[in-house]
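Position 697 of the sequence shown, counted from 1, bears residue number 696 in numbering that gives the first Met the number 0, the numbering being contiguous throughout.
Quick reminder that beta carbons are idealized off the backbone N, C-alpha and C, glycines included.
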Amino acid sequence: MDENLMNSLTNKKMKRRSFLKWSGAITVPALVGGVTVSNKLVQKVSADTVEGSAEEIIIPTCSTLNCGGKCLIKAHIKDGQIVRISTDDDPRDENADNEQYPQIRACVRGRGYRRHVYSPDRIQKPLKRVGKRGEGKFEEISWDEAIKIIAEENNRIKQKYGPASRFSLYATGQSGTVGSGDTVIQRVLALDGGFLGRYSNYSSGQHLAATPYTFGETAAGSSCNTLLDSKLIILHGMNPAETIFGHMNMYLRMAKEKGAKIYTLDPRKTDTNVALADDWFPIKPGTDNALIAAMAYVMFTENLHDKDFLDKYCLGHDENHMPEGVPAGESYYSYVLGEKDKTPKTPQWAAKITGLPANRIIQLAREVALTKPMAWIQGNGINRHMNGEQMSRASSMIAALTGNIGISGGWAGPNAPGIAKFQGFPIPENPLGISIPVFKYTDAIVRGTEMGVEDGVVGLEEGETLPSNIKMIFNMAGNCLVNQHSDINKTTEILKDETLCEFIVTSDIYMTPSAKYSDIILPTCTFFEQNDVVGPWSYGQHMFLSQKVVEPLYGSLTEYEWMAKLAKELGIEKEFTEGKTQDDWVKWMIEESKKNDPTFPSFQEMQKNGVHKFKEITVVKFKEQIEDPANVPFSTPSGKIELFSKALWDMNRPEDIPAIPKHVAVNEGPESELTSKYPLQIFGWHVKRRCHSTWDTSDWMEEVQTQELWINPIDAKERKIKDGDKVQAFNERGTIELPAKVSSRVMPGVVCVPQGGWFNPDQNGIDKRGAINVLTGLEASPFHCNPQHTNLAEVKKA
0 MDENLMNSLT
10 NKKMKRRSFL
20 KWSGAITVPA
30 LVGGVTVSNK
40 LVQKVSADTV
50 EGSAEEIIIP
60 TCSTLNCGGK
70 CLIKAHIKDG
80 QIVRISTDDD
90 PRDENADNEQ
100 YPQIRACVRG
110 RGYRRHVYSP
120 DRIQKPLKRV
130 GKRGEGKFEE
140 ISWDEAIKII
150 AEENNRIKQK
160 YGPASRFSLY
170 ATGQSGTVGS
180 GDTVIQRVLA
190 LDGGFLGRYS
200 NYSSGQHLAA
210 TPYTFGETAA
220 GSSCNTLLDS
230 KLIILHGMNP
240 AETIFGHMNM
250 YLRMAKEKGA
260 KIYTLDPRKT
270 DTNVALADDW
280 FPIKPGTDNA
290 LIAAMAYVMF
300 TENLHDKDFL
310 DKYCLGHDEN
320 HMPEGVPAGE
330 SYYSYVLGEK
340 DKTPKTPQWA
350 AKITGLPANR
360 IIQLAREVAL
370 TKPMAWIQGN
380 GINRHMNGEQ
390 MSRASSMIAA
400 LTGNIGISGG
410 WAGPNAPGIA
420 KFQGFPIPEN
430 PLGISIPVFK
440 YTDAIVRGTE
450 MGVEDGVVGL
460 EEGETLPSNI
470 KMIFNMAGNC
480 LVNQHSDINK
490 TTEILKDETL
500 CEFIVTSDIY
510 MTPSAKYSDI
520 ILPTCTFFEQ
530 NDVVGPWSYG
540 QHMFLSQKVV
550 EPLYGSLTEY
560 EWMAKLAKEL
570 GIEKEFTEGK
580 TQDDWVKWMI
590 EESKKNDPTF
600 PSFQEMQKNG
610 VHKFKEITVV
620 KFKEQIEDPA
630 NVPFSTPSGK
640 IELFSKALWD
650 MNRPEDIPAI
660 PKHVAVNEGP
670 ESELTSKYPL
680 QIFGWHVKRR
690 CHSTWDTSDW
700 MEEVQTQELW
710 INPIDAKERK
720 IKDGDKVQAF
730 NERGTIELPA
740 KVSSRVMPGV
750 VCVPQGGWFN
760 PDQNGIDKRG
770 AINVLTGLEA
780 SPFHCNPQHT
790 NLAEVKKA
């Protein structure tokens, strides 16, 4: 496609006849929810408010990209084109911040969505690999040929290796419901005999694994509006200003206006800190438990802890409240006071490990203990470490020590309570019933038949192993096959070997680094080109009808459409579609949601408004357990908050899975001997110009923020690095090259790179974009989760 043509689209200059002819939609009217756009369903804008004389219509919709905001997008359509985008202007709140209905305004990513649909880089035709896997050599084929090849390979691999050889890869960029190819392909495979399932995620996997050992369930956070009662808010590895977590930003700002103090605890001074916080407490990655133990030391020795709360609701905080069968000296109090290891966890002890001065640790401990309600909010950044499960548990320790659980304005632990509930797309039960941890998909390619319960496989008996290695992968609009997975060089080495995984299908709109390692690539639709139902990330209190506003370009098909063709080829079309189109399923999901919740809007109402904002949004997590412990116990074995977990104790792995949340030093942490060779800790953060790896090719977003390595002036001076210099960050796994940003906003001894840059190696294998996962390791954390923030590296001038 000619680049000038695409530029004319984004600059609103293309005429209707030219656009429709080019898009293949010359005889098809613009559709909303499967019906012709009518004056009743969209807003009108007078001709004198826009360029030209044609009438403009505005259609509410929402992105289904895997982005945390899920903002309300209003697509302004003129001559069949998206000419501009506006966002939420809810009239229920003239001041733009309402405690019940905060506006869902688009950030810079949302404002730039036109560049997503009209990018000159979109894949236009189905592609078949003709070179070696990873070379990026493909030829165009027809849809019929592509579907036939996929069906033949599916049947061959299923017959030869069994259904467990087929795998739907984690991390789709399309996080809609029926429009998410990941859920749809699971429906196909379940109806076709089953597949190797998966569980957990790369985002909050350690939180999900660890939180039940403390509270008996995975979700321990409250609704964001309860922060309006907080007097002190600690954002622990939480950066909602850039990552976007539902309405978190709105409520933080309102809480601050009500007088709450906000502190951030992070190795980097984030945009959230700059915009909202009163103080910044920088600590080295992976050392959070040492800080929390030192804070507990201050509270215990100065009698600042809430002893009554601990004695009534908790287990394991001291020697008088321990489970039976555990020897003396194993309580958290004994650990903190050093009664067994003769090492009291003083602020001075923690200062050497964390890099935060002892006086700052004492200050934070006292203020946290003496301010109530206090919300200690755990972001997902703290859990993506080799010791992430224990750091997840320790952050809840502070809430327990200060009695800030079960009260409005307090905060118990990680993960949101889930307010936005609606009917999803139905996936039949997987006949195999076997699942692996998502992070171990490369392991399952190489050594699947050796993997059993000890590798985190669910659905097997002790001693059993997987019946097959992974031989076929469906990668639905995801970039985790390569770019977002650890140790890219090792991962691509595995994928290049066609005797291991024999067939890979990708459905996407761009030639991502992951798509290059596919055998068949299918051009899918953007969210502007299909209808779907989509909810927010955690802490959101709304859901959307993501409406189709323009016709698909190049004859692209949605995942549901091409999978219906695949299902027909496999002989399961009737079972797969149940006679429904994608639009029929969208209507069904909304109707079913309304059956379960009478306040849920109708399909017609969703067409008009685009968004449903839930009214009942207040959740004070564990309020019932605290108010009535006799009748409403916690869902733990003891019925209490288990600061000491007997279940973890019985695993008999005290070095890496202690029963209390201790500080666990890791192989690539600041205390490692490896620092003599690679002295800098390096991690990747979620950046405002991308959602994960989406948007990396957008020139508009490059103007928002460039891809650069942040380094403290002390470390830069030692390496003779100046701001803007090209630098190389490297370790034994690989090398990345990118500009340096010398800034005191990152602490000494730590460097960071915005995660999501697209892997782009030169002839020497040096990545020229700054893909952080060139440097991250493939070894999983103790609970088989993603440890991609635990890395050591060195930096030098290029």
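Starting from residue i and walking both ways along the beta strand (DSSP E), at which residues does that stretch end?
i	result
Asn711	First-last for Asn711: undefined, no H or E at that position.
Leu71	71-77
Tyr677	Note, Tyr677: premise wrong, no beta strand (DSSP E); not H, not E.
Tyr262	260-264
Glu702	Run containing Glu702: none in the beta strand (DSSP E); it sits in the alpha helix (DSSP H), 698-703.
Ile59	The question names Ile, but residue 59 is Pro in the sequence shown. Segment 55-61, the beta strand (DSSP E) holding Pro59.
Leu544	541-545
Ala792	791-796
Tyr128	Strictly speaking, residue 128 in this sequence is Arg, with Tyr absent from that position. Element bounds for Arg128: 126-128.
Ser391	No beta strand (DSSP E) holds Ser391; the alpha helix (DSSP H) holding it covers 387-400.
Phe166	165-167
Glu654	Premise fails: Glu654 is in no beta strand (DSSP E) and is neither H nor E.
Phe527	Phe527 -> no beta strand (DSSP E), and no H or E assigned at all.
Glu670	From DSSP, Glu670 is part of no beta strand (DSSP E); its letter is neither H nor E.
In or out: residue i buried (at least 16 other Cβ within 10 Å) or exposed?
i	result
Met800	In the structure displayed, the chain extends from 0 to 797; residue 800 sits before or after that span and is not available.
Pro798	An answer regarding residue 798 cannot be provided, because it is not within the stretch 0 to 797 covered by the chain.
Pro786	buried
Thr300	exposed
Val794	buried
Arg652	exposed
Met650	exposed
Val82	buried
Ala646	exposed
Thr35	Only weak support is given to the placement of Thr35: the predicted model assigns it a pLDDT of 33, under 50, and the value that follows is read from those uncertain coordinates. It is exposed - the Cβ of Thr35 has fewer than 16 other Cβ atoms within 10 Å.
Val798	No statement about residue 798 is possible, as the shown extent of the chain runs from 0 to 797 and does not include it.
Asn482	buried
Thr345	buried
Asn790	buried
Ile851	Nothing about residue 851 can be read from this structure; the chain reaches only from 0 to 797.
By DSSP's criteria, residue i is part of a beta bridge. Which residues make up the other side?
i	result
Gln377	His235
Pro760	Asp766
Ser85	Lys73
Ile519	Lys127, Val504
Val749	Gln680
Gln173	Leu64
Glu641	Leu314
Gln80	Lys77
Starting from residue i, trace the alpha helix (DSSP H) both ways and give me its first and last residue.
i	result
Asp143	142-160
Val801	Outside the displayed range of the chain (0 to 797) lies residue 801, so it cannot be described from this structure.
Gly109	107-110
Thr505	Premise fails: Thr505 lies in the beta strand (DSSP E), 502-507, not in any alpha helix (DSSP H).
Val367	357-369
Leu251	247-256
Asp531	Here Asp531 belongs to no alpha helix (DSSP H); instead the beta strand (DSSP E) covers 531-533.
Glu560	558-569
Glu626	622-626
Pro101	Per DSSP, Pro101 belongs to no alpha helix (DSSP H) and is neither H nor E.
Lys351	346-353
- Task: Kindly confirm or deny that the segment 621-640 and the segment 206-223 touch, where touching means at least three C-beta pairs closer than 8 Å.
- Result: yes
- Message: If we require 3 or more residues per run, which beta strand (DSSP E) segments fall completely within the segment 276-342?
- Response: 278-280
- Would you list, in sequence order, the uninterrupted beta strand (DSSP E) runs of no fewer than 3 residues that lie entirely inside the segment 183-241? 196-198, 231-235
- Could you name each continuous alpha helix (DSSP H) segment of 4 residues or more that falls completely within the segment 572-618, going from the start of the chain to the end? 572-576, 581-595, 602-608
- Counting only runs that start and end within the segment 409-496, where is the beta strand (DSSP E) found for 3 or more residues in a row? 434-436, 471-475
- Message: With a threshold of 8 Å, are at least 3 pairs of Cβ atoms found where one atom belongs to the segment 363-379 and the other to the segment 227-239?
- Response: yes
- Task: Decide yes or no for the touch test of the segment 125-132 against the segment 150-170: beta carbon pairs closer than 8 Å, at least 3 of them.
- Result: no
- May I ask you to verify whether the segment 415-428 touches the segment 177-196, counting CB pairs closer than 8 Å and requiring at least 3? yes
- Unbroken beta strand (DSSP E) runs of length 3 or more, entirely within the segment 712-743: which are they? 725-730, 733-741
- Message: Does the segment 485-492 come into contact with the segment 453-460, if we say contact requires no fewer than three beta-carbon pairs (one atom in each stretch) closer than 8 Å?
- Response: no
- Query: Contact between the segment 696-709 and the segment 751-770: three or more CB pairs below 8 Å?
  - Reply: yes
- Can you find at least 3 beta carbon pairs, one from the segment 462-480 and one from the segment 438-453, that sit closer than 8 Å? yes
- Query: When the Cβ atoms of the segment 400-409 are set against those of the segment 242-250, are three or more pairs found closer than 8 Å?
  - Reply: no
- For the segment 609-629 and the segment 536-556, state whether three or more C-beta atom pairs, one from each stretch, are separated by less than 8 Å. yes
- Message: With a threshold of 8 Å, are at least 3 pairs of Cβ atoms found where one atom belongs to the segment 61-76 and the other to the segment 197-213?
- Response: no
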